[in-house]
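Structure first, then comments.
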Amino acid sequence: MDLDTLDLSRLQFAVTALYHFLFVPLTLGLSVLLAVMETVYVMTGRIIWRQMTKFWGALFGINFVVGVATGIVMEFQFGMNWSYYSHYVGDIFGAPLAIEGLMAFFLEATFVGLFFFGWDKLSKVGHLITTWAVAIGSNFSALWILIANGWMQNPVGSAFNPQTMRMEITDFFAVVTNPVAQAKFVHTVSAGYVTASIFVLGVSAWYLLKGRHVELAKRSMTVAASFGLAASLSVVVLGDESGYLTTEHQKMKIAAMEAMWETEPAPAAFTLFGFPSEKDRETHFAVRVPWMLGLIATRSLNTQIPGINELVTHAEGRIRNGIIAFDALQQIRAAGSDAKIPPAARQAFEDNGRDLGYALLLKRYLDDPRKASDADIRRAARDTVPNVPTLFWSFRFMVGLGFFFIAFTATFFLLSARRLLDRYRPLLWLAVFAIPLPWIAAELGWVVAEVGRQPWSIEGVLPTAAAVSSLGAATVLTTLAGFVVIYTVLLGVEMALMLRAIRKGPEPDDAPETNLVPSSLVAAE
Amino acid sequence: MILNTLIDYDTLRVIWWLLLGVLLIGFAIMDGFDLGSGILLPFVAKTDLERRVVINAVGPVWEGNQVWLILGGGAIFAAWPPLYAVSFSGFYLAMFAILFALILRPVGFKYRSKRDSAAWRSAWDWALFVGGLVPALVMGVAVGNVLQGVAFHLNDDLRIFYDGTTLFELLNPFGLLCGLLSVAMLTMHGAGWLLLKTEGAVAARARTIGSVAALVTLALFVLGGVWLFLGVNGYRIVGTIATDGPSNPLAKAVEIAPRAWFTNYAAHPWMLAGPALGLAGALASLAFLRARVEIGALLSSALAIFGIISTVGLSMFPFILPSSIDPRSSLTVWDASSSHLTLFVMLVATVIFVPIIIAYTTWVYHVLWGKVDARSIADGNGHAY
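So the protein lines, in turn, are chains Z and G.
Here this note's numbering is used: the first residue of the first sequence is 1, the next is one more, and so on.
Here this note's numbering is used: the first residue of the second sequence is 526, the next is one more, and so on.
Rendered as structure tokens:
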């Protein structure tokens, strides 16, 4: 294993995850919007709502398959490129992935075929159940994958087993109810809803600008604006910083996001703008808003947020503890049987075992962490700082977009309430050009969360450098190139087919209306 | 949690070995007819309408079927982490080939009929053919190599190393034979599905090709058995192994011996049911295809798949991934599982969800029952692919 294989494997994971995440948010949000639209159709019997469900459903389908295709890779590449990771934490990490398949993928994938093929084969209610099953299935899958991801950020409910040389589960309930996972779930799913809402708003705005399918477009915008406003408020208010103070490295992540080098007295200031320099370890030209960060991150005025330098010093201490744990582990394993383990080693492992992962940070520099010099330890401790400028800027653009989405969806919500949706053409054009923005925000969110996790693959437990498979760099480069080519082609084809379907517009639907709910109970539109 | 001690660790390991079989067989039966239909596509369907009939025969169900593969990946990760780690990194480029093909397939189904251009459609027909053939072939080749042992070893930290096995070394004669058996088996199964779902020329060609595939399946399965007996060494554990011990493969001793893959049958003759069902299923599939008993052909080819894959598992038990260069690194049922608690939790999840999955899958197939209607495809009704 050399650095090249590591870098290439990381790049491949980032590429496959980021491409996959181009398709997932729209699937998450649009599936729910389809279910809402079809519910209105079933309750009112108005054909236009079925027409809307079918039209947005066709776009959903074009997007959905690429999400499925790129998702297949995600399920297997842990084993392919991260085999030591798979061995080391599969006992815990594999379970949510398997449950995701059992609980979510089967539901979503079995019913999605029926969604498209079942219009003439099912009763109205039967088809509505099908659509909701797709929506619930895709949202459940987000829950379980984020339980898995949350555990990487905050590895609760598990312990290292010296006999099997891996982490093993001790409390499954703790893994499922991990606060970091819960915060991530709400944040990510809401982001998906925002994505779908802005997509629907943008496409509908284009129809209004062209004077086509006006009735369908207005109704779609009304649904999307209200759904999108609620979701964009949820993304920002329930942002996943709520989980950021639970662990050491999450604190590091927030300090790096803020480029906060030194610990400040509470409540800390928020750096609105600046140029963080990793070399000088300070942020040049910083424009700072007093108190803001303390309020955002801790929801209090007196909780102190540690700065990067303090956290690095702290990491040094944990590395030293980790070396003690590593040494004790070697004695425990050399003992052979349980009875022969020296009591001192047992005690040392019990006291310091939770820092074992910190000793593995040294493996980048030398094979045996016990031989590390002070300089090695300082170097490894500095490695615990993720890339500060990347986090600083990604976070700022993401949050800026988040606030824009609130204002944007609120505007359309008001326009819709006052029946003025087609009044202001510049706003409609803005909606068209805003379509890519939620995708940019979602990708930046992934960067903040996962680049911010570095140098860990599992925080405090397994460094990324130790997790990688012992493959040749050329082999990984081959597959990386292959994935980039096929994904880029698919993305191009997907976008072309989307545009084509949008230009073509909804299919006419002249079927007579049959109301489930008596027309006396339906408000006139 | 105390609950997990309700079932012994070694019992749970056997249950999960059975469930591993259920998953692989489930995948081969459910997604197998999709893959087989993809392989058959260029041969049974000549005109564009015929091709659309074939694609629509699997169109509504392939997504659900493919989840068997995804679940297989997840369940191996959860229940057999060392197997997940060693097999997918060891067969790295082979795995890439499978993934590449499987990426093309979903998109092919969905996108092919979105445009009228002949070049566009023909390109996606190729994608669907490759998307069926490559996974079937490579998975079979992989099983053939697993039976011979894979060149990996574990160090003391249980880190995995490979002895430079290239993609082309996997394509050794026995591996290729298993690959071809896999292709023939899924082609036979796909033909059964197309006979059930289509009419006229497509169904007639599917019958003809399916019958040949059934014969080839029979011949290759028998040939593979003879070859395994005469020319492929098996593995066996030397001395005792703690069946409820910690999952650390390095604690045991293993030797390579001729015909070791046949010792289970001598000790437990009931296991011969595996190969017997494989043969009987393929024979019955041939007979039903000839006699135009549609559902009979499909069920028999499913039975053949069950028998053939079971034969591999039963022959190797308790091995799941033997190492040819360092036999004690071999992964077995007794030392390559998850912890007691994880196996238990996953079993609870399986017991809860699998009946629900079976219930709604059955309902969906019930709703979609019947032949694909070529006229409605030609009219563009029913959101056909």
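Heads up, the beta-carbon is just placed ideally off N, CA and C, and yes, glycines get one too.
One alpha carbon belongs to G/Phe568, the other to G/Arg730, and they sit about 8 Å apart. Considering only Z/Met43, Z/Ser138 and Z/Val89, the residue with the shortest C-alpha distance to Z/Glu108 is Z/Ser138. Counting only the Cα atoms, Z/Val200 lies some 38 Å from Z/Pro155. With a threshold of 16 other beta carbon atoms within 10 Å, Z/Ser158 meets it and is buried. Contact between the stretch 485 to 505 of chain Z and the stretch 641 to 650 of chain G is absent: fewer than 3 CB-CB pairs across the two stretches fall below 8 Å.
Z/Leu491 places its beta carbon less than 8 Å from that of Z/Tyr19. Residue-level contact check: G/Tyr885 touches chain Z, since one or more beta carbons of chain Z fall below 8 Å from its beta carbon.
Within a 10 Å sphere around the beta-carbon of G/Asn697 sit fewer than 16 other beta-carbons, which makes this residue exposed. Judged by DSSP secondary structure, G/Ser825 falls within the alpha helix (DSSP H) whose first and last residues are Glu819 to Met841.
When C-beta distances to chain Z are compared with 8 Å, the residues of the stretch 766 to 785 of chain G below that value are Pro771, Ser772 and Asn773, in chain order.
Close CB contacts of G/Gly749 within its chain, under the 7 Å cut and outside five residues either way in sequence, are with Leu702, Cys703 and Leu706 (chain order).
Scanning its chain for C-beta atoms nearer than 6 Å, with the 5 sequence neighbours on each side dropped, one finds around Z/Ala205 the residues Leu428, Ala431 and Val432, in chain order. In the DSSP annotation of this structure, the continuous segment of the alpha helix (DSSP H) that includes G/Tyr885 starts and ends at His865 to Val892. If you check the CB distance, G/Gly584 and Z/Phe117 come in under 8 Å. The Cβ of G/Tyr609 sits closer than 8 Å to at least one Cβ of chain Z. With a threshold of 8 Å between beta carbons, Z/Lys504 makes no contact with chain G. DSSP places Z/Val287 in the strand class (E or B) of the three-state scheme.
Counting only Cβ-Cβ distances below 8 Å, Z/Phe105 has contacts in chain G at Val592, Ile595 and Leu596, in chain order. Note that the C-beta distance between G/Gly821 and G/Phe813 is below 8 Å. Restricting attention to Z/Ala473, Z/Ala474, Z/Ala449 and Z/Met398, the CA atom closest to the CA of Z/Ile440 is found in Z/Met398. Remark: fewer than three beta-carbon pairs, one from each stretch, lie closer than 8 Å, so the stretch 58 to 71 of chain Z and the stretch 167 to 181 of chain Z are not flagged as touching.
Interface annotation for the stretch 433 to 464 of chain Z against chain G: empty, criterion Cβ-Cβ distance under 9 Å. Beta-bridge pairing by DSSP links Z/Glu168 to Z/Ala159. Put simply, the CB of G/Ile734 is far from chain Z, with every gap to its CB atoms at 8 Å or more. Residue environment for G/Arg538: buried (at least 16 other C-beta atoms within 10 angstroms of its C-beta). Between Z/Ile305 and Z/Met260, the gap from beta carbon to beta carbon is short of 8 Å. Considering only beta carbons, the part of the stretch 136 to 167 of chain Z lying closer than 8 Å to chain G consists of Asn161, Gln163, Thr164, Met165 and Arg166, in chain order. DSSP lists G/Val763 as the beta-bridge partner residues of G/Ala778.
Listed along chain Z is no residue with a C-beta nearer than 9 Å to that of G/Ile580; the closest approach is about 12 Å. CA-to-CA, the gap between Z/Leu361 and Z/Ser457 works out to about 11 Å. Straight-line measurement puts the Cα of G/His865 at about 26 Å from the Cα of Z/Ala466.
Not a single C-beta of chain G is nearer than 8 Å to the C-beta of Z/Phe199. Closest by C-alpha distance to Z/Phe270, out of Z/Glu278, Z/Met257 and Z/Ser277, is Z/Met257. For G/Trp587, the closest C-alpha among the options G/Gly665, G/Thr536, G/Ala603 and G/Trp718 is that of G/Trp718.
Here G/Gly715 is not near G/Ile902, since their CB atoms are 8 Å or more apart.
Nearest in C-alpha terms to G/Gly838, of all of G/Tyr636, G/Ala652 and G/Phe787, is G/Phe787.
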